[in-house]
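Just below is one structure, and these are the notes that go with it.
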Amino acid sequence: MPASFRPEPTPDPALRLLRFVPADRRGVLDADAFRSLAEEAGRAASDPTVTLVALLGARPGLFGAGADLEEIARMGPEEARTFAQSAREVLAAWEALAATTVAVVEGACYGGALDLVLACDLVVARPSARFGHPGVRRGIVTGWGGTARARRRLSEAALHRLFLEGEDLTASRAHANGLVDLVVHEDEPALERWLSRWAGPEGEPLRRLKSVSRAVEGLALPQALVVEERLGALREADGRRAGRR
């Protein structure tokens, strides 16, 4: 079967769980995986009832691996560039979702899978999680945007160790360095309850912050402050209207 991101059942309509189902034991992110992720991003974008989308890994010891090197080796230079561009566009669409996106990482998360994690709003890791971008050891850069996105989370020193030296990070070290937001020890049902809370009213401040951050991205500080003030005024007006209903 081709790789896909498969929806898992959840009793909460505001929460969508997507399980990465790779084509084989390697757990690579190939073209089929990105096509599936693009489809799921489109579904989430078109459904206003979905407020949180969580990505789950392939299996307990593996969240996901990098690019399919065998697939890329069969590509010519132009085809490889097209694939990288397509992957960047899919991750940009994922990042632009109005819903909060969460990566729940258990086990190994390497290369392109880390690029995907870095496109999420929140990164939750189990103690078994391991993060790395080993392509540097092979002279490979995915070109999927992970290096650029990592700058929003990591210091220059940590970025250097992860992307230039190919160092792996445990869950606790990734948390200490800012790559991971939360290390959780709960079982899956408890974690799903936690995600449901964030899909509800408790997660509204984060969704508002995401919309503001997206609106001001790339603006100079004076313009960004004006946009933030206007968005704040709109939110207050919406709140007053809701209170009169």
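In terms of this note's numbering, the sequence shown is residues 334 to 578.
Cβ atoms here follow ideal geometry from the backbone N, Cα and C, with glycine treated the same way.
In this text, all values refer to a predicted model and were calculated from it rather than measured experimentally.
Hey, Gly479 and Asp448: beta-carbon distance below 7 Å or not? yes
Let me confirm a value: Asp401 is counted as buried when at least 16 other C-beta atoms fall within 10 Å, else exposed. Which label applies? buried
Alpha carbon to alpha carbon, how far is Leu424 from Arg311? Give it in angstroms, no decimals. The structure shown has nothing for residue 311, since the chain only spans 334 to 578.
Taking 7 Å as the threshold (C-beta atoms), are Leu385 and Thr433 in contact? yes
Environment of Gly468 [buried if 16+ CB atoms lie within 10 Å]: buried
Count the other C-beta atoms from every protein chain shown that fall within 10 angstroms of the C-beta of Ala570, then say buried if there are 16 or more, exposed otherwise. With a pLDDT of only 44 at Ala570, under 50, the local geometry of the prediction cannot be trusted, and no value is derived from it.
List, from N- to C-terminal side, the beta strand (DSSP E) runs of 3 residues or more that fit wholly inside the region 497-530. none
Using DSSP with H/G/I as helix, E/B as strand and the rest coil, what is Pro342? coil
Can you name, in chain order, every residue of its own chain whose Cβ lies under 6 Å from the Cβ of Ala436, other than the five neighbours on each side? Leu388, Val450, Cys453, Val456
Coil, strand or helix - Ala575 by DSSP: Low per-residue confidence applies at Ala575: pLDDT is 42, beneath 50, and the placement is therefore not dependable, though the value from the model is reported in the following sentence. If DSSP states are grouped into helix, strand and coil, Ala575 belongs with the helices.
Whole beta strand (DSSP E) elements within the region 408-469, 3-residue minimum: 433-438, 441-443, 455-458, 463-465
What is the DSSP secondary structure of Leu348, counted as helix, strand or coil? strand
With a CB to CB cut of under 7 Å and the five nearest residues on each side skipped, what residues in its chain are close to Thr382? Pro346, Ala347
Could you tell me which of Trp477, Glu403, Ser529, Phe464 sits nearest to Leu414, measuring between CA atoms? According to the sequence provided, residue 414 is Arg. The question's Leu does not apply to it. For Arg414, the nearest C-alpha among the options comes from Trp477.
Tell me the DSSP secondary structure of Ser488 in three-state form. In the three-state reduction of the DSSP assignment, Ser488 falls in the coil class, being assigned neither a helical nor a strand state.
So, at 7 Å on beta carbons, what are the nonlocal neighbours of Leu370 in its own chain, with the 5 sequence-adjacent residues on each side left out? Excluding sequence positions up to five before and after Leu370, its CB lies within less than 7 Å of the CB of Phe338, Val423, Trp427, all in the same chain and listed in chain order.
Return the CA-CA distance between Gln418 and His508, expressed in angstroms with no decimal places. Cα to Cα, Gln418 sits roughly 30 Å from His508.
To the nearest angstrom, how far is the alpha carbon of Ala490 from that of Ala462? 21 Å
Close Cβ partners of Ala446 (< 7 Å) along its chain, the five nearest in sequence each way excluded: Leu362, Phe396, Gly397, Ala398, Gly399
First and last residue of the beta strand (DSSP E) that includes Gly397? 395-397
Buried versus exposed, by CB contacts within 10 Å (16 or more), Glu535: With fewer than 16 other CB atoms across the displayed protein chains lying within 10 angstroms of its CB, Glu535 is exposed.
Pick out whichever of Gly390, Glu498, Leu495, Val516 has its Cα sitting closest to the Cα of Ala504. Val516
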